[in-house]
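Quick notes on the structure that follows.
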Amino acid sequence: MTTNRPTAEQSRPPAAGTPLLEIKNLSVDFRLETSVVHAVRGVSFDVRAGETLAVVGESGSGKSATALSVLRLNPSPPCMYTGGEIRFEGRDLLKLSEKELGRIRGRDIAMVFQDPMTCLDPLQRVGAQVAEVLRHHTGMSRAAAKEAALAALDEVGIPDPALRYRQYPHELSGGLRQRVMIATALVARPRVLIADEPTTALDVTVQRQILDLLVTLQRKHDMAVVLITHDLAVVAETADRVVVMNQGRVVETGDVLDVFDRPADDYTRKLLAATPRLEAA
Ligand SMILES: Nc1ncnc2c1ncn2[C@@H]1O[C@H](COP(=O)(O)OP(=O)(O)O)[C@@H](O)[C@H]1O
Ligand SMILES: [Mg+2]
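Below you can see the structure in the form of structure tokens.
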């Protein structure tokens with residue numbers, strides 16, 4: 341398989357330094373009334389500043405449960421974190437108090453989801469929602485937060501930010517709503533962005549624009565990005581490394597081009613074979 345993007349060596353130097361976020365041997369159960377789902381079974385991976393790490397795998401393989409664990413956003417109950425560590429700047433996020441974690445959420449580590457409406461308040465103007473993140477994390481004045489929010493809307497490619505600032509989420513297209521969610525996630529300049537299927541609900545052309553935007557912002561701000569997707573073509577074009585998950589476990593991990601050229605695991609081979617755009621390339 342070949343991809344038509346430049347190789348990792350050409351596009352950027354290898355991600356240097358130590359991991360920014362490290363998931364070590366994470367296990368997550370969902371304890372339901374009559375059964376237990378072992379959604380995540382000893383998952384380990386890390387991501388460094390300036391790096392995009394893709395997490396791929398079929399629906400139900402534990403990608404979202406893993407991602408949500410980082411900020412302890414799985415609904416609990418039924419979720420139980422049964423083992424492992426999630427290290428960020430020397431601390432285990434699974435051990436922090438809600439209050440300590442609240443300072444990290446959205447400021448150091450931010451998330452975007454498939455459906456912007458899961459994080460946008462339908463009753464609040466979009467600009468105010470972006471500004472609120474700053475007010476919450478920095479105690480910035482109202483006027484300064486508004487100015488920074490307008491700049492954030494502009495940065496994510498929203499035309500006429502002053503007009504959009506005053507609108508409600510339902511007045512925006514799906515693509516613009518996704519840009520607002522990205523602005524909300526990035527306005528406090530997090531060092532880690534976790535994007536869980538951020539383009540799955542969008543039209544193909546809009547998907548491409550949003551991915552290009554994420555790549556641009558990731559490079560501009562030297563963020564670590566964890567990109568969860570089931571779209572291997574997207575991974576080939578955007579990620580440095582890839583983690584392949586199946587049934588709650590990591591079955592393979594490595595440099596994207598290596599893994600896609602020479603998959604070591606049967607499951608990875610099956611996933612690749614099921615992606616016609618890659619097969620044909
Ligand atoms: N809130 C929940 N309650 C019960 N089971 C859940 C919950 N969230 C996820 N699961 C289960 O955990 C497993 C992994 O799900 P998930 O992490 O959402 O997969 P993916 O994101 O890879 O599609 C699945 O079996 C799913 O049904
Ligand atoms: Mg998911």
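With the sequence shown counted from 1, adding 340 to any position gets you my numbering. All C-beta atoms in this analysis are idealised placements derived from N, C-alpha and C, irrespective of residue type, glycine included.
Proximity of residue i and residue j at Cβ, strictly below 8 Å
i       : j       : result
Ala-407 : Asp-536 : yes
Pro-509 : Arg-517 : yes
Phe-385 : Val-599 : no
Leu-551 : Thr-578 : yes
Lys-364 : Arg-427 : yes
Gly-594 : Arg-381 : no
Ser-375 : Gly-424 : no
Val-582 : Val-396 : yes
Ala-405 : His-477 : no
Arg-302 : Pro-417 : Absent from the structure is residue 302, since the part of the chain shown begins at 341 and ends at 621.
Leu-434 : Tyr-421 : yes
Near ligand 4: residue i beta-carbon under 7 Å from a heavy atom
i       : result
Glu-425 : With respect to small molecules bound, the structure shown includes ligand 1 and ligand 2 and not ligand 4.
Candidates the options: closest to residue i by CA position
i       : options                            : result
Gly-627 : Thr-593, Ile-498, Ala-471, Val-584 : No statement about residue 627 is possible, as the shown extent of the chain runs from 341 to 621 and does not include it.
Val-410 : Leu-533, Ile-522, Thr-358          : Leu-533
Thr-569 : His-378, Val-466, Lys-403          : Lys-403
Thr-539 : Gln-454, Leu-413, Ser-399, Gln-558 : Gln-454
Glu-487 : Ala-471, His-476, His-477          : Ala-471
Leu-597 : Asn-586, Leu-612, Leu-490          : Leu-612
Ala-502 : Ala-468, Leu-436, Asp-571          : Ala-468
Arg-475 : Leu-463, Thr-608, Ala-489          : Ala-489
Val-496 : Val-473, Met-521, Gly-479, Glu-511 : Met-521
Leu-337 : Gly-390, Leu-433, Leu-557          : Not covered by the structure: residue 337. The range shown for the chain is 341 to 621.
Gly-442 : Asp-601, Leu-460, Lys-610, Val-473 : Val-473
Pro-530 : Leu-413, Gln-507, Val-452, Gly-479 : Val-452
Glu-398 : Ala-491, Leu-463, Ala-379          : Ala-379
Val-377 : Cys-419, Asp-461, Gly-479, Val-555 : Cys-419
Gly-390 : Asp-606, Asn-414, Gly-479, Val-555 : Val-555
Residue i versus residue j - alpha carbon distance
i       : j       : result
Ala-604 : Val-546 : 33 Å
Leu-553 : Thr-392 : 13 Å
Lys-560 : Thr-524 : 17 Å
Ser-481 : Ile-449 : 23 Å
Asp-369 : Asp-500 : 45 Å
Leu-567 : Ala-484 : 31 Å
Glu-362 : Gln-549 : 29 Å
Leu-526 : Thr-615 : 31 Å
Pro-359 : Arg-388 : 4 Å
Lys-439 : Arg-445 : 10 Å
Pro-353 : Asp-580 : Confidence at Pro-353 is low in this model, with a pLDDT of 46, below 50, so its placement is unreliable and the value that follows should be read with caution. Answer to the nearest angstrom: the Cα atoms are 11 Å apart.
Val-575 : Leu-512 : 28 Å
Asp-562 : Glu-373 : 44 Å
Gly-400 : Asp-571 : 15 Å
Lys-610 : Arg-506 : 47 Å
Cys-459 : Arg-447 : 15 Å
Glu-429 : Arg-412 : 17 Å
Asp-601 : Val-544 : 25 Å
Val-584 : Thr-608 : 7 Å
Met-457 : Leu-463 : 11 Å
Ala-573 : Ala-491 : 31 Å
Asn-414 : Asp-461 : 19 Å
Asp-606 : Val-383 : 18 Å
Asn-586 : Gly-479 : 42 Å
Glu-592 : Arg-504 : 43 Å
Which residues DSSP lists as bridging residue i, in chain order
i       : result
Glu-592 : Val-584
Val-532 : Ile-449, Ala-564
Ile-363 : Phe-385, Ile-426
Asp-369 : His-378, Met-420
Please specify which runs of the beta strand (DSSP E), each continuous and at least 3 residues long, are wholly inside the segment 371–449, giving them in chain order.
376–387, 392–396, 419–428
Runs of 4 residues minimum, wholly inside the segment 492–519: which ones carry the alpha helix (DSSP H) assignment?
501–505
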